[in-house]
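The structure appears below as structure tokens.
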Amino acid sequence: MNRNQFLAKNLNVLTILYLSFFVFIVPANGEITQVDSNFDGKMDQWRHMSPNGKIIKVEYDTDFNGTIDQIEYYEGKKIMTKAEFDSNKDGQMDQVQHYGKSGKLERVEKDSKHKGFFDWVEFFNEKEKIVRIEVDKNGDKGADMIQHFDGNQKLTHIEHDTDQNRKTDRWDYYSDKKLIRVEFDTNSDLKPDQWQYFQGLNKIEKVESDTNFDGKADHWEFFDSSEKLIRKESDRNFDGKPDLVENQ
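Structure representation (structure tokens):
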């Protein structure tokens with residue numbers, strides 16, 4: 043279980059413990075109730091109530107330094123819809139967790155480099171298992187890298203926008219955490235025209251190229267276990283069959 047899922051699964055437990063441990067009077071006009079949870083004489087929890095006595099927001103000072111570093115938002119019968127965190131305690135919220143109507147985690151946004159913008163977004167399925175991660179490397183609010191996971195949270199493939207024009211031009215494929223194939227779009231037509239195949243510890247085994255961009259490989263390069271080029275094959279008339287073989 044990763045850190046995000048641990049936080050998500052324990053947020054409701056933490057809140058329930060807090061709410062059951064402290065007895066307080068709900069203000070009639072929806073005011074804020076303050077709590078000193080560690081009895082150090084300083085308030086470290088602020089509960090925002092609706093006029094009818096329902097919790098709509100809870101703010102926490104989890105490290106008791108006088109600064110709010112966690113905020114939880116609620117709707118209906120104590121169903122959390124969003125939680126914000128200041129993970130590096132710099133006064134800025136850098137992680138936001140979004141929850142569905144059932145209270146299950148759906149999405150996590152992070153400012154992973156603490157540069158003032160969310161550059162990392164994680165998406166979860168109905169079982170709260172991660173299915174996709176989107177990364178914005180240059181802060182243009184577009185994903186430059188998208189990681190895809192299967193039902194067991196294993197990485198299956200990664201899409202890259204290497205020239206940051208919001209179009210995928212590279213695809214990495216994995217099996218059992220090992221890179222098995224990389225595809226490239228070298229002419230920006232949104233279709234792969236070069237395929238690299240790997241064996242063992244990411245050692246290149248074969249490269250196929252579509253030199254006339256008709257969707258079919260017409261040039262092949264083969265490598266030995268030390269990644270030394272040993273043979274080239276070419277299909278010069280583009281009939282799908284190699285007609286030139288060059289041993290290296």
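Residue numbering for the sequence shown is 43 to 290, as defined by this note's numbering.
Using N, Cα and C, we set each Cβ at its ideal position, and we do this for glycine too.
Since we're looking at a predicted model, the values are computed, not measured.
- For I74 and D214, the gap between their C-alpha atoms comes out near 51 Å.
- Restricting attention to T104, W162, P93, the CA atom closest to the CA of V77 is found in T104.
- Secondary structure at F166: strand, using DSSP grouped into helix, strand and coil.
- Judged by beta-carbon spacing, D211 lies within the 8 Å limit of H202, meaning their Cβ atoms are closer than that value.
- Using a Cβ distance threshold of 8 Å, V177 and F166 do not count as a contacting pair.
- Under DSSP, the beta-bridge partners assigned to I121 are E117.
- Between D285 and D277, the gap from beta carbon to beta carbon is short of 8 Å.
- D136 counts as buried, since no fewer than 16 other beta carbons sit within 10 angstroms of its beta carbon.
- In the structure shown, E73 falls within a coil segment according to DSSP collapsed to helix, strand and coil.
- The C-beta of P234 has 16 or more other C-beta atoms within 10 Å across all chains shown, which makes the residue buried.
- Here the alpha carbon of V287 sits roughly 25 Å from the alpha carbon of D227.
- Taking C-beta atoms as the reference points, D186 and N180 count as a pair closer than 8 Å.
- A distance of 8 Å or more separates the beta carbons of V138 and E148.
- Of the residues assessed, R89 falls on the buried side of the cut-off, its CB having 16 or more other CB atoms within 10 angstroms.
- Beta-bridge annotation (DSSP): N289 is paired with R273.
- Judged by their CB atoms, S268 and H261 are not nearer to each other than the 8 Å cut-off.
- Bounds of the beta strand (DSSP E) holding R89 are 87 to 91.
- For M187, the pairing in a beta bridge is given by DSSP as V177, H202.
- DSSP, read as helix, strand or coil, puts F264 in strand.
- Cβ-Cβ distances below 6 Å link T204 to D211, R212 in the same chain, with the five nearest sequence neighbours on each side left out; the list follows chain order.
- Burial check for I97: the Cβ neighbour count within 10 Å reaches 16 or more, so the residue is buried.
- In this structure, the alpha-carbon of E164 lies about 40 Å from that of L271.
- Assignment of L243 by DSSP, reduced to helix, strand and coil, places it in the coil class.
- The criterion of a C-beta distance shorter than 8 Å is not satisfied by R223 and Q236.
- By alpha-carbon distance to M85, the top candidate from M91, N94, F106 is F106.
- The residues D260, F280, in chain order, have a CB closer than 7 Å to that of N254 in the same chain once the five nearest residues on each side in sequence are set aside.
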